[in-house]
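J.: Each number in my numbering comes from the position in the sequence shown (counting from 1) with 28 added on. Each residue gets a CB set at the ideal place from its N, CA and C atoms; glycine is no exception. Computed from a predicted model, the values in this text were never measured in an experiment.
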Amino acid sequence: MKFLIEKNLCPVGEEIERDLDDLLAKQRIEPTAERSHEIHKLIKLYFRHRKECFDCKVQIRVR
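1. Return the chain-ordered list of same chain residues with a C-beta closer than 7 Å to the C-beta of L52, the five sequence neighbours on each side being excluded.
2. Going by alpha carbons, who is nearest to L37 out of F75, R56, Q55 and R91?
3. What whole-angstrom Cβ distance do G41 and R91 have, given they're in contact under 8 Å?
4. Taking 7 Å as the limit between beta carbons, can you name the residues of its chain near R63, skipping five residues before and five after?
5. Please report the distance separating the alpha-carbon of E80 from that of E45.
6. Between the beta-carbon of K35 and the beta-carbon of V86, is there less than 8 Å?
As structure tokens, then:
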């Protein structure tokens, strides 16, 4: 079973996702508690933004 994720994000959603990707990459290399907290805050912000933003669309399909 494969999952296909399609994203159409507004500029704010793209910036949040880019920041989150950068933090996750740094966390894999050198884990810190502070970075973990920042990641948690960004994830909350990302989902809150997606919930309120009409331009951000994410679809997950099972193949």
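T.: Checking against the coordinates, here is how it stands:
1. The residue you call residue 52 lines up with position 24 of the sequence shown. For L52, where only same-chain residues beyond five positions count, the Cβ hits under 7 Å are I67.
2. Against the sequence shown, residue 37 aligns to sequence position 9. If we check each option's Cα against that of L37, F75 comes out closest.
3. Locating residue 41 in the sequence shown gives position 13, where the first residue counts as 1. Locating residue 91 in the sequence shown gives position 63, where the first residue counts as 1. With a Cβ gap of about 24 Å, G41 and R91 do not count as contacting.
4. By 1-based counting over the sequence shown, the position of residue 63 is 35. Cβ within range, chain order: L51, K54 and Q55.
5. Your numbering for residue 80 matches position 52 in the sequence shown. Your numbering for residue 45 matches position 17 in the sequence shown. Near 16 Å, if we compare the C-alpha coordinates of E45 and E80.
6. Here residue 35 corresponds to residue number 7 of the sequence shown, with the count starting at 1. Here residue 86 corresponds to residue number 58 of the sequence shown, with the count starting at 1. Yes, the Cβ-Cβ distance between K35 and V86 is below 8 Å.
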